[in-house]
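**Student:**
Protein chains: 2
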Amino acid sequence: METILIIEDDKNINDMLSQLLSNNNYKVLSAFSGTEGILIHNEQVNLILLDLMLPGKNGEEIIEDLKQKYNVPVIVMSAISNIDKKLDLFNLGADDYITKPFNNKELIARIKVHLKNGKHSKSTVIKYKDIELNTSDFSVICNNKNVVLTKNEFELLKVLMTNPEQVFTKSNLFDLVWGNEDSADDNTLNVHISRIRNKLKECNPKVEYIETVWSIGYKMKK
Amino acid sequence: METILIIEDDKNINDMLSQLLSNNNYKVLSAFSGTEGILIHNEQVNLILLDLMLPGKNGEEIIEDLKQKYNVPVIVMSAISNIDKKLDLFNLGADDYITKPFNNKELIARIKVHLKNGKHSKSTVIKYKDIELNTSDFSVICNNKNVVLTKNEFELLKVLMTNPEQVFTKSNLFDLVWGNEDSADDNTLNVHISRIRNKLKECNPKVEYIETVWSIGYKMKK
DNA sequence: AGTAAAATTTAAGGAAATTTTAAGAATTGT
DNA sequence: ACAATTCTTAAAATTTCCTTAAATTTTACT
Numbered sequence: 002m003e004t005i006l007i008i009e010d011d012k013n014i015n016d017m018l019s020q021l022l023s024n025n026n027y028k029v030l031s032a033f034s035g036t037e038g039i040l041i042h043n044e045q046v047n048l049i050l051l052d053l054m055l056p057g058k059n060g061e062e063i064i065e066d067l068k069q070k071y072n073v074p075v076i077v078m079s080a081i082s083n084i085d086k087k088l089d090l091f092n093l094g095a096d097d098y099i100t101k102p103f104n105n106k107e108l109i110a111r112i113k114v115h116l117k118n119g120k121h122s123k124s125t126v127i128k129y130k131d132i133e134l135n136t137s138d139f140s141v142i143c144n145n146k147n148v149v150l151t152k153n154e155f156e157l158l159k160v161l162m163t164n165p166e167q168v169f170t171k172s173n174l175f176d177l178v179w180g181n182e183d184s185a186d187d188n189t190l191n192v193h194i195s196r197i198r199n200k201l202k203e204c205n206p207k208v209e210y211i212e213t214v215w216s217i218g219y220k221m222k223k
Numbered sequence: 002m003e004t005i006l007i008i009e010d011d012k013n014i015n016d017m018l019s020q021l022l023s024n025n026n027y028k029v030l031s032a033f034s035g036t037e038g039i040l041i042h043n044e045q046v047n048l049i050l051l052d053l054m055l056p057g058k059n060g061e062e063i064i065e066d067l068k069q070k071y072n073v074p075v076i077v078m079s080a081i082s083n084i085d086k087k088l089d090l091f092n093l094g095a096d097d098y099i100t101k102p103f104n105n106k107e108l109i110a111r112i113k114v115h116l117k118n119g120k121h122s123k124s125t126v127i128k129y130k131d132i133e134l135n136t137s138d139f140s141v142i143c144n145n146k147n148v149v150l151t152k153n154e155f156e157l158l159k160v161l162m163t164n165p166e167q168v169f170t171k172s173n174l175f176d177l178v179w180g181n182e183d184s185a186d187d188n189t190l191n192v193h194i195s196r197i198r199n200k201l202k203e204c205n206p207k208v209e210y211i212e213t214v215w216s217i218g219y220k221m222k223k
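Protein sequences appear in the order of chains P and H. Position 148 of the first sequence, counting from 1, maps to 149 under the working numbering, and the rest follow consecutively. Position 57 of the second sequence, counting from 1, maps to 58 under the working numbering, and the rest follow consecutively.
Right, dumping it as structure tokens:
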């Protein structure tokens, strides 16, 4: 479950948000001032909902503080829609800006987007194209169909999907998946790749997911 | 430079956006219908600005199509702010939603947020003229087009590009690329150079990149 | 201009790397 | 211990890449 920190001085709104997020299966931390927010914040927090009009430190300072230390997505909520202020906040590192009053469902939708983007997300789901790889229960979905992968196949695909731009050399992949056994036959890797490709192809014949970089290794296809 | 694909049927707005993005140092591709957008879309596109009201395929279908195949952030622009539609789009994979008319600076700010999310900051890129050679994923871009090089071709071009002023003798290049095999036919190198030249010429016929230094070797042309 | 040496291009054969297939070994669960 | 699954290995088939050789073009020099 993902944790969201609400920083909002108005008790009514804070409670309302807290309720809303709980109902949507988020764990909630509530702070009623900027300084309190910074204190409460910890490594478990996956996203921050930040009100602008705060006693004590103002929103800008809070963002600056948080972004400096942590890499957590921040969604700013505010009644005012002063465009210059908005831009300042984006410059400081805000990831989204939503003006009050907002639609609750839209807020949830935007929260989901930013949780999905980040590496900070506790979510154990790695997505790439139409593949969803859940590291907590080792399940894989491709093109809305279930894919059954063995352990090594799963690990291999996971490594490739976590950095889809990067080319992984073969020895690289051996290290990451097999754990530095140079004893293994070079072909073992190739066979595993071949099996993964076949299984994915069964779910979505139109897309090629894994690209071979000749004489180097493999990567996810763009 | 990052590339943004605009999919917007209203010519005035499309032009305006194009101008705006160009002024902010983005490379721009314009499409005037959804189907055109899908056609134009290529590996270089880093973000898509998508208008909802399109002739032919509508926005939902476009998003579905694009997200299925590529892993590119999509910002939806629309005049209507129907909340249900908004939520549908987020569900389909839209990364942001901005209602027209919007403030230009805000659009730029939101674009930056989403480009920042996806980027890997590892800069292993060697540049020379309009060639970009990425040593981490072994990709080469020339004149904004992808160039597919084999391993030896890549290594060879890399050596030349790392010291564009220097003249490399042939035995020098053999050492650096092949690893001191004096057995190899002298001509092997020439053939490789020839192939690289051809591939680069396909991307940019106007420029000659590699200069031959008669009876000595090669270097990058000034 | 003519000539020889060097460089470029082209095509083809062979070398090297990858993919696939299949079967036996190792591992896991019951 | 047995059955089932998974992993590894080996070998054949395939694909891609490299090298070689020959023909052509360019350059340097007389």
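Glycine residues also receive a C-beta, built at the ideal position from the N, C-alpha and C atoms.
Do you know how far the Cα of H/L53 is from the Cα of H/A80?
**Tutor:** 8 Å
**Student:** Do you know how far the Cα of P/E61 is from the Cα of H/F175?
**Tutor:** 57 Å
**Student:** Using CA atoms only, rank isn't needed, just tell me which of P/D131, P/P74 and P/E9 is closest to P/K207.
**Tutor:** P/D131
**Student:** Should H/N24 be flagged as near chain P, meaning a C-beta pair shorter than 7 Å?
**Tutor:** no
**Student:** Rank P/L22, P/V75, P/I8 and P/H193 by C-alpha distance to the C-alpha of P/H115 and give the top, closest one.
**Tutor:** Ranking P/L22, P/V75, P/I8 and P/H193 by Cα distance to P/H115 puts P/V75 first.
**Student:** Quick one: is H/K106 near chain P, going by C-beta distance under 7 Å?
**Tutor:** Cβ-Cβ to chain P under 7 Å: yes for H/K106.
**Student:** Looking only at its own chain, which residues have a Cβ that is under 7 Å from the Cβ of H/T125, when we skip the five neighbours before and after it?
**Tutor:** N135, T136 and S137
**Student:** Taking its Cβ as the centre, do 16 or more other Cβ atoms sit within 10 Å of P/V168, making it buried, or is it exposed?
**Tutor:** P/V168 counts as buried, since no fewer than 16 other beta carbons sit within 10 angstroms of its beta carbon.
**Student:** Let's see if you can read the secondary structure: which residues bound the alpha helix (DSSP H) around P/N173?
**Tutor:** K171 to L174
**Student:** Determine the DSSP secondary structure at H/A95, reduced to helix, strand or coil.
**Tutor:** Note: H/A95 maps to coil in three-state DSSP.
**Student:** Ends of the beta strand (DSSP E) at P/N135?
**Tutor:** I132 to N135
**Student:** Is there a C-beta anywhere in chain P that falls below 7 Å from the one on H/F139?
**Tutor:** yes
**Student:** What residue ranges within the segment 145-220 of chain H form continuous beta strand (DSSP E) runs of no fewer than 3 residues, ordered along the chain?
**Tutor:** 146-148 and 211-214, all fully within the segment 145-220 of chain H.
**Student:** Is DSSP giving P/L6 helix, strand or coil here?
**Tutor:** P/L6 sits in a strand when the DSSP states are folded into three classes.
**Student:** Do the CB positions of H/L21 and H/I7 come within less than 7 Å of each other?
**Tutor:** no
**Student:** Helix, strand or coil, according to DSSP, for P/N47 in the structure here?
**Tutor:** Strand at P/N47.
**Student:** Counting only Cβ pairs nearer than 8 Å, list the residues of chain H close to P/A110.
**Tutor:** K87, L88, F91 and N92
**Student:** In terms of residues, what are the limits of the beta strand (DSSP E) holding H/M78?
**Tutor:** V75 to S79 is the span of the beta strand (DSSP E), which, as asked, contains H/M78.
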